[in-house]
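According to full-length UniProt numbering, the sequence shown is numbered sequentially starting from 1.
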Amino acid sequence: MTGPGNWFRALPLRSRLALLVAAAVAIAVATAAVACWLLTRTQLESELDNSLQNTSAPQGTVEQAIDNCRRGVNPADSAVPGFAYIQVVDATGSRCVATSSEPVKVQPQDIAVARGSAHESLHDSATDNGAKVRVHTEPVPLQPGLAVSVARPLGEIDTSLNRLALLLAAVAGLGVIGAGAAGLWIARAGLRPVDGLTRAVEHVAQTEDLTVRIPVEGEDEIARLSRSFNSMTAALASSRDRQAQLIADAGHELRTPLTSLRTNIELLARSEETGRAIPADDRKALMASVTAQMTELAALIGDLQELSRPDAAGPGPLQVVALHDIMGTALDRARLRGPDLTFGAELSPWYVRAEPAALERALVNVLDNAVKFSPSGGTVEVRLSPYGELTVRDHGPGIPPDELPHVFERFWRSPTARALPGSGLGLSIVARTVQWSGGEIALRPAEGGGTVAVIRIPGAPTPPPGTPEVP
Numbered sequence: 001m002t003g004p005g006n007w008f009r010a011l012p013l014r015s016r017l018a019l020l021v022a023a024a025v026a027i028a029v030a031t032a033a034v035a036c037w038l039l040t041r042t043q044l045e046s047e048l049d050n051s052l053q054n055t056s057a058p059q060g061t062v063e064q065a066i067d068n069c070r071r072g073v074n075p076a077d078s079a080v081p082g083f084a085y086i087q088v089v090d091a092t093g094s095r096c097v098a099t100s101s102e103p104v105k106v107q108p109q110d111i112a113v114a115r116g117s118a119h120e121s122l123h124d125s126a127t128d129n130g131a132k133v134r135v136h137t138e139p140v141p142l143q144p145g146l147a148v149s150v151a152r153p154l155g156e157i158d159t160s161l162n163r164l165a166l167l168l169a170a171v172a173g174l175g176v177i178g179a180g181a182a183g184l185w186i187a188r189a190g191l192r193p194v195d196g197l198t199r200a201v202e203h204v205a206q207t208e209d210l211t212v213r214i215p216v217e218g219e220d221e222i223a224r225l226s227r228s229f230n231s232m233t234a235a236l237a238s239s240r241d242r243q244a245q246l247i248a249d250a251g252h253e254l255r256t257p258l259t260s261l262r263t264n265i266e267l268l269a270r271s272e273e274t275g276r277a278i279p280a281d282d283r284k285a286l287m288a289s290v291t292a293q294m295t296e297l298a299a300l301i302g303d304l305q306e307l308s309r310p311d312a313a314g315p316g317p318l319q320v321v322a323l324h325d326i327m328g329t330a331l332d333r334a335r336l337r338g339p340d341l342t343f344g345a346e347l348s349p350w351y352v353r354a355e356p357a358a359l360e361r362a363l364v365n366v367l368d369n370a371v372k373f374s375p376s377g378g379t380v381e382v383r384l385s386p387y388g389e390l391t392v393r394d395h396g397p398g399i400p401p402d403e404l405p406h407v408f409e410r411f412w413r414s415p416t417a418r419a420l421p422g423s424g425l426g427l428s429i430v431a432r433t434v435q436w437s438g439g440e441i442a443l444r445p446a447e448g449g450g451t452v453a454v455i456r457i458p459g460a461p462t463p464p465p466g467t468p469e470v471p
């Protein structure tokens, strides 16, 4: 079952725009035509009233009308009506019609003038034959109790107004037809950019070609829509490229531990098949290598899962957490990974809004990076200032200046660190987690050698009142 407006919504957009333009023009033309017709009628009636008020019945005509009454003559029976109808009305409502005049029905306004209760009267009436007339009545000079009425037929005005109405209707019809044609042309011209956008969208849907761009002209809504479409396809293309790059990089990173793991397992399997026992020390080293490769795979898979979440999704609900406490927990884990290192910690209270698990993982990654590059017996210095600036410094070989811009890229690893364990995703995860919390991170060479990581996350030295603290 279709509603009354479904047929309109089913029409093409061009047809709807053309119909709306034609309807708007039709309403405007009709309104103007009616206003013109009303103003013309008012003007014609005003001119007729002025003509009646400025026209006085000749004295001889008045006497002739009175004489006709005395002789009982009805001039309408034999005379042809003239330009105006003249008759004399007395105080009783009787009338005396002048020669060549049509009898006009006497109205109370005419009697009031005859009796002297009104100075004059201007009103509508009708002849005995039913023709509408406009009547002006005034007293007869020097004859109390009598009034003379001069009437003009309204047919002449009605004829002019009817002709004007036909003319206005014809003009309005032509205007509506022209408006419909103009509306259709305007719709086609105005929707031409939309057609281009539609073709582009259909092309992308059919071919998945995200390199399509729509030419942008002007600053109107269509131009804004085209810019938005171009931005959307560019973002989708960039996202697809990043996904492809992530898959390629992940495959490359997974290949090395998987190859090593497969080689070690094949050695163990061949030993079992041939019955040749592997020396105890070699077998122990082989099993340690297998365990290390499995640990590396698990860490890499965890990093990939972390990076698989969309950037806009965020880590989860942000909570007020104590950055100094989370850093203390991360330090405990880092000490286990670098038992031969010395950790110097100076942590001032600082509360931030973050997701606790993601923030702890990021801080552990920063400390792991410092542990990895610190020499045996070295020191890792950690400081959280009263103003919320967290620094982690190692005394390792440092990072060359030309490599600093790449340290937060996914899977990027310094040529000097290729032999060390890791996937190249740790600092990328750190940067994203810090950005989720509204902060920023940077690496720079430290004075005297080594590298210092600087993290700034907006917060305060005390938690907000009434906010539960998450340690």
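For glycine and all other residues, C-beta sits at the position ideal for the given N, C-alpha and C. The structure presented is a predicted model; accordingly, all values stated were derived computationally and were not measured.
| Check | Outcome |
| --- | --- |
| Alpha carbon of Thr207 to alpha carbon of Val21, nearest angstrom | 37 Å |
| Minimum C-alpha distance to Glu346 - residue among Gly328, Ala431 and Val212 | Gly328 |
| Per DSSP, cross-strand counterpart(s) of Ala460 | Tyr351 |
| Segment contact flag, the stretch 212-221 with the stretch 33-42, C-beta cutoff 8 Å, min 3 pairs | no |
| 8 Å contact criterion, which Ala354 and Val380 should meet: CB distance rounded | Ala354 to Val380, Cβ: 22 Å. No contact. |
| Those runs of the beta strand (DSSP E) which lie wholly inside the stretch 77-118 and span at least 3 residues | 85-90 and 95-97 |
| As assigned by DSSP and simplified to three states, the class of Pro317 | coil |
| DSSP-derived helix/strand/coil call for Glu440 | strand |
| Exposure label - Tyr85; buried when at least 16 CB within 10 Å | buried |
| Bridge-paired residues (DSSP) for Pro153 | Val133 |
| Environment of His119 [buried if 16+ CB atoms lie within 10 Å] | exposed |
| Residues sharing a beta bridge with Thr127, DSSP | Val104 |
| Status (buried if at least 16 other CB within 10 Å, exposed otherwise) for Asp195 | exposed |
| Beta-carbon contacts of Asp281 that lie in its chain and below 8 Å, excluding the five residues immediately before and after | none |
| Completely contained alpha helix (DSSP H) runs for the UniProt domain "HAMP" (188-241), where each covers 4 or more residues | 192-207 |
| Cβ pair count under 8 Å reaching 3, the stretch 51-63 against the stretch 154-172 | no |
| Length of the line joining the Cα atoms of Ala312 and Ile429 | Model confidence at Ala312 stands at a pLDDT of 46, short of 50, so the residue's coordinates are unreliable; what they give is reported in the following sentence. Each residue's Cα considered, the two are about 14 Å apart. |
| Segment limits, alpha helix (DSSP H) that includes Thr329 | Leu323 to Arg337 |
| Which of helix, strand or coil DSSP assigns to Val178 | The residue you asked about is not Val; residue 178 is Gly in the sequence shown. Note: Gly178 maps to helix in three-state DSSP. |
| N-terminal and C-terminal residue of the alpha helix (DSSP H) that Leu359 is part of | Pro356 to Phe373 |
| Span separating the alpha-carbon of Val392 from that of Val452 | 5 Å |
| Status (buried if at least 16 other CB within 10 Å, exposed otherwise) for Ser437 | buried |
| Gly422 - DSSP class collapsed to helix/strand/coil | Summary for Gly422: the model assigns pLDDT 49, below 50, so the residue's position carries little reliability; its value from the coordinates is reported in the next sentence. Looking at Gly422 - three-state DSSP - the assignment turns out to be coil, as it is neither helix nor strand. |
| Beta strand (DSSP E) segment containing Glu389, residue limits | Glu389 to Arg393 |
| Residue-chain proximity (Ala65, chain C), Cβ-Cβ < 7 Å | Among the chains of the structure shown, chain C does not appear; only one protein chain is present. |
| Supposed contact pair Pro108 and Gln87 - C-beta distance, whole angstroms, cut 8 Å | With a Cβ gap of about 16 Å, Gln87 and Pro108 do not count as contacting. |
| Contacts around Phe229, its chain only, beta-carbon distance under 8 Å, and the 5 residues preceding and following it disregarded | Leu197, Ala200, Val201 and Ile214 |
| Where Ala293 falls, given that 16 or more other Cβ within 10 Å makes a residue buried | Position check: residue 293 holds Gln in this sequence, whereas Ala was assumed. That one is buried. |
| Beta-bridge partners of Leu146, as assigned by DSSP | Asp90 |
| Residue span of the beta strand (DSSP E) that contains Val382, given as start and end | Thr379 to Leu384 |
| Outcome for Thr433 when other beta-carbon atoms lying within 10 angstroms are tallied against a minimum of 16 | buried |
| Cβ pair Arg335, Val371 closer than 7 Å | no |
| Nearest-angstrom Cα separation, counted from Phe373 out to Asp340 | 13 Å |
| Contact set for Val140: own chain, Cβ-Cβ below 8 Å, skip 5 residues either direction | Val62, Val88, Leu146, Ala147 and Val148 |
| Outcome for Tyr387 when other beta-carbon atoms lying within 10 angstroms are tallied against a minimum of 16 | exposed |
| Identified DSSP bridge partners for Glu138 | Val148 |
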